[in-house]
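**Q** Structure in structure tokens, see below.
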């Protein structure tokens with residue numbers, strides 16, 4: 021193995037893209053309600069105006085606002101009722117000078133009316149008259165047709181992540197289905213004689229494999245589909261067979277087997293399968309230095325560190341970044357500008373990824389590093405996100421502003 025072939029995180033992403041870096045093209049149509057969490061395969065447009073007609077936002081009386089100017093509780097304006105708007109029906113009413121029409125919340129605004137006075141400020145003086153005790157401004161308590169979205173307006177860009185809010189907008193515009201990208205198929209391979217499957221009895225000298233669970237959850241978070249999970253011991257034959265079984269995947273994530281050691285078969289196994297090649301064996305990052313970047317033909321392979329926290333952060337920086345570029349989508353993770361609660365040391369020449377927790381002090385957001393041994397898993401649970409420290413920086417000072425990337 022060659023640990024001298026070290027690349028930066030952006031260079032590693034470019035290497036992965038060189039394997040098969042064309043835009044992700046697979047797509048399918050799903051129910052709008054089922055599109056939440058998926059990635060839009062194309063732009064979605066409003067087929068009609070939203071709302072499709074001008075409507076009232078309150079129960080009250082539709083009026084011409086100019087007829088109410090000067091109205092007050094002490095000096096109400098008397099308007100003649102011209103009819104009542106029925107919910108869910110097209111109205112043929114027209115409000116003329118000195119007239120008003122009763123209207124429910126959501127009812128269609130009659131022609132001629134440009135505002136609605138709430139029922140609380142009105143009193144029916146006689147069968148055909150209403151006393152209005154408050155002036156209404158133009159468009160008050162009314163939403164005009166197309167005010168929310170114009171016909172043909174872009175509702176969702178290609179590559180956007182669909183959440184519940186976006187799905188609601190699509191449904192409001194009458195879209196029963198959404199075009200989403202098919203989920204890339206990911207194979208997970210965890211290596212090590214010491215690994216045991218969660219739920220099974222734990223024998224002496226063994227530990228439960230948490231990386232597979234963590235990576236499967238992270239894949240779901242990124243709209244990736246885990247199609248197979250292999251747990252293999254330190255056996256070149258078993259490792260090679262697992263890689264062969266992953267040949268129809270869109271990406272392979274290896275967990276463990278990337279550090280030096282007598283039982284490290286990762287590189288040899290990768291080079292033993294058809295089209296297998298190691299592109300880089302080392303990442304200029306801390307944690308993450310032993311990360312492997314490789315390929316099996318057109319299938320990119322990432323050998324993540326075995327330590328859980330390191331594996332998860334490298335996943336965010338490498339695997340997730342790779343798929344964002346394949347999908348031509350933006351990084352929508354939340355970021356906060358925070359002050360550092362203490363001095364932070366970095367590793368010059370390497371991208372430092374430092375777990376941190378949020379603190380509220382003096383009406384400001386602060387971040388305190390979360391330190392622990394690299395094999396600790398609960399470190400990730402305690403942290404709210406992580407800081408990126410550039411390779412040219414030796415560290416950051418207490419009180420200095422820094423960007424915290426939230427999980």
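Residue numbers (this note's numbering): 21 to 427. For glycine and all other residues, C-beta sits at the position ideal for the given N, C-alpha and C.
(1) Tell me which same chain residues have a C-beta within less than 6 angstroms of the C-beta of residue 292, skipping the five on either side of it?
(2) Could you tell me the alpha carbon to alpha carbon distance between residue 119 and residue 423, rounded to whole angstroms?
(3) Considering only their Cβ atoms, is the gap separating residue 64 from residue 198 smaller than 9 angstroms?
(4) Which value, in whole angstroms, describes the spacing of the CA atoms of residue 358 and residue 384?
(5) Please classify residue 233: does DSSP put it in a helix, a strand, or coil?
(6) Please report the straight-line C-alpha distance between residue 99 and residue 83, rounded to a whole angstrom.
(7) State yes or no: is the C-beta of residue 138 within less than 9 angstroms of the C-beta of residue 154?
(8) Which term fits residue 184, buried or exposed, when burial requires 16 or more other beta carbons within 10 angstroms of its beta carbon?
(9) Can you name, in chain order, every residue of its own chain whose Cβ lies under 7 angstroms from the Cβ of residue 191, other than the five neighbours on each side?
(10) Quick one: give me the first and last residue of the beta strand (DSSP E) that residue 320 is part of.
(11) Does the ligand NAD have a heavy atom nearer than 8 angstroms to the CB of residue 53?
(12) For residue 77, does the three-state DSSP call read helix, strand or coil?
(13) What's the gap between the Cα of residue 177 and the Cα of residue 348?
(14) According to DSSP, is residue 222 helix, strand or coil?
(15) Do you know whose CA, among 363, 392, 218, lies nearest residue 415's CA?
(16) In the DSSP output, what is residue 389 paired with across the bridge?
(17) In terms of DSSP beta bridges, what is residue 119 paired with?
(18) Spatial neighbours of residue 106 within its chain, please: CB distance less than 7 angstroms, with the 5 preceding and 5 following residues excluded, ordered by chain position.
(19) Hey, residue 121 and residue 85: beta-carbon distance below 9 angstroms or not?
(20) Whether or not the region 25-34 and the region 334-352 are in contact is what I'm after, with contact meaning three or more pairs of Cβ atoms, one per stretch, closer than 8 angstroms; do they touch?
(21) For residue 227, count neighbouring C-beta atoms within 10 Å of its own C-beta (all shown protein chains included) and say buried if the count is 16 or more, exposed if not.
(22) How far does the beta strand (DSSP E) with residue 135 in it extend, from its first residue to its last?
(23) Please report the Cβ distance between residue 113 and residue 103, rounded to the nearest whole angstrom; I am assuming they are in contact, meaning their Cβ atoms lie under 8 angstroms.
(24) Would you report the Cα separation of residue 202 and residue 329, rounded to the nearest angstrom?
(25) Taking the alpha-carbon positions, what's the residue 413 to residue 264 distance?
(26) For residue 335, name the three-state secondary structure that DSSP assigns.
(27) Does DSSP put residue 259 in a helix, a strand or coil?
(28) Between which two residues does the beta strand (DSSP E) carrying residue 343 extend?
(29) Residue range of the alpha helix (DSSP H) that residue 192 falls in?
(30) Are residue 390 and residue 320 touching if we call contact CB-CB under 9 angstroms?
(31) Taking 8 angstroms as the threshold, find out whether the region 137-151 comes into contact with the region 309-328 through three or more Cβ pairs.
(32) For residue 66, which option in 169, 258, 387 has the closest C-alpha, if you only look at C-alpha atoms?
(33) Taking only three categories from DSSP, how would you classify residue 84?
(34) Distance, Cα to Cα, residue 306 vs residue 299?
(35) Have a look at residue 252 and residue 220 and give me their C-alpha separation to the nearest angstrom.
(36) To the nearest angstrom, how far is the alpha carbon of residue 90 from that of residue 77?
**A** Here's the rundown:
(1) Taking the chain shown and counting its residues from 1, one reaches residue 292 at position 272. Excluding positions up to five away in sequence, the list reads 260.
(2) Along the chain shown, one-based indexing puts residue 119 at 99. Along the chain shown, one-based indexing puts residue 423 at 403. Roughly 59 angstroms between the two C-alpha positions.
(3) Here the question's residue 198 lines up with position 178 in the chain shown. Here the question's residue 64 lines up with position 44 in the chain shown. Their beta carbons are under 9 angstroms apart, which means residue 198 touches residue 64 by this criterion.
(4) In the chain shown, counting from the first residue as 1, residue 358 sits at position 338. In the chain shown, counting from the first residue as 1, residue 384 sits at position 364. Spanning the two alpha carbons is a distance of roughly 8 angstroms.
(5) For the purposes of this step, residue 233 is taken as the residue at position 213 of the chain shown. Residue state, collapsed to three classes: helix.
(6) Translated into positions along the chain shown, residue 99 becomes position 79. Translated into positions along the chain shown, residue 83 becomes position 63. Roughly 9 angstroms between the two C-alpha positions.
(7) By 1-based counting over the chain shown, the position of residue 138 is 118. By 1-based counting over the chain shown, the position of residue 154 is 134. Yes. Within cutoff.
(8) In the chain shown, the residue the question calls residue 184 occupies position 164. Exposed: under 16 other Cβ atoms inside 10 Å.
(9) Along the chain shown, read from residue 1 onward, the residue named residue 191 stands at position 171. Taken in chain order, the residues that qualify are 52.
(10) For the purposes of this step, residue 320 is taken as residue 300 along the chain shown, with counting starting at 1. Segment 319-324, the beta strand (DSSP E) holding residue 320.
(11) Absence of the ligand NAD is noted for the structure shown, with no ligands found whatsoever.
(12) Residue 77 sits at position 57 when you count from the first residue of the chain shown. Here residue 77 sits in coil by DSSP.
(13) For the purposes of this step, residue 177 is identified with residue 157 of the chain shown, where counting begins at 1. For the purposes of this step, residue 348 is identified with residue 328 of the chain shown, where counting begins at 1. Approximately 11 angstroms between the Cα atoms of the pair.
(14) Along the chain shown, one-based indexing puts residue 222 at 202. Coil.
(15) Counted from its first residue, the chain shown places residue 415 at position 395. Residue 415 has its Cα closest to that of 363, out of 363, 392, 218.
(16) Indexing the chain shown from 1 puts residue 389 at position 369. In the DSSP output, where bridge partners are listed per residue, residue 389 has 376.
(17) Along the chain shown, read from residue 1 onward, the residue named residue 119 stands at position 99. Paired residues: 100.
(18) Position 86 of the chain shown, counted from the start, is the residue given in the question as residue 106. Contacts found: none.
(19) The sequence position of residue 121 within the chain shown is 101, counting from 1. The sequence position of residue 85 within the chain shown is 65, counting from 1. At least 9 angstroms separates the beta-carbon of residue 121 from that of residue 85.
(20) yes
(21) Looking up residue 227 in the chain shown gives position 207. Exposed, because fewer than 16 other Cβ atoms sit within 10 Å of the Cβ of residue 227.
(22) As a first step, residue 135 is located in the chain shown; it is residue number 115 there, counting from the start. Per DSSP, the continuous beta strand (DSSP E) segment holding residue 135 begins and ends at 135-138.
(23) Locating residue 113 in the chain shown gives position 93, where the first residue counts as 1. Locating residue 103 in the chain shown gives position 83, where the first residue counts as 1. That pair is a contact at about 5 angstroms.
(24) Residue 202 sits at position 182 when you count from the first residue of the chain shown. Residue 329 sits at position 309 when you count from the first residue of the chain shown. Going from the Cα of residue 202 to the Cα of residue 329 covers about 29 angstroms.
(25) In the chain shown, the residue the question calls residue 413 occupies position 393. In the chain shown, the residue the question calls residue 264 occupies position 244. Their backbone Cα atoms lie some 42 angstroms apart in a straight line.
(26) By 1-based counting over the chain shown, the position of residue 335 is 315. Correct three-state label for residue 335: helix.
(27) Start at 1 with the first residue of the chain shown, and residue 259 comes out as number 239. Helix, per DSSP.
(28) Locating residue 343 in the chain shown gives position 323, where the first residue counts as 1. No beta strand (DSSP E) contains residue 343, which is instead part of the alpha helix (DSSP H) from 340-347.
(29) If you number the chain shown from 1, residue 192 lands on position 172. Element bounds for residue 192: 184-192.
(30) On the chain shown, position 370 is the one that residue 390 refers to. On the chain shown, position 300 is the one that residue 320 refers to. The answer is no: Cβ separation not under 9 angstroms.
(31) no
(32) Taking the first residue of the chain shown as position 1, residue 66 is located at position 46. For residue 66, the nearest C-alpha among the options comes from 169.
(33) Reading the chain shown from its first residue, position 64 is the one you call residue 84. Three-state result, residue 84: coil.
(34) Reading the chain shown from its first residue, position 286 is the one you call residue 306. Reading the chain shown from its first residue, position 279 is the one you call residue 299. If you take the alpha carbons of residue 306 and residue 299, they lie about 19 angstroms apart.
(35) In the chain shown, counting from the first residue as 1, residue 252 sits at position 232. In the chain shown, counting from the first residue as 1, residue 220 sits at position 200. Taking the straight line joining both Cα atoms gives about 16 angstroms.
(36) Stepping through the chain shown from its first residue, residue 90 is reached at position 70. Stepping through the chain shown from its first residue, residue 77 is reached at position 57. Answer to the nearest angstrom: the Cα atoms are 23 angstroms apart.
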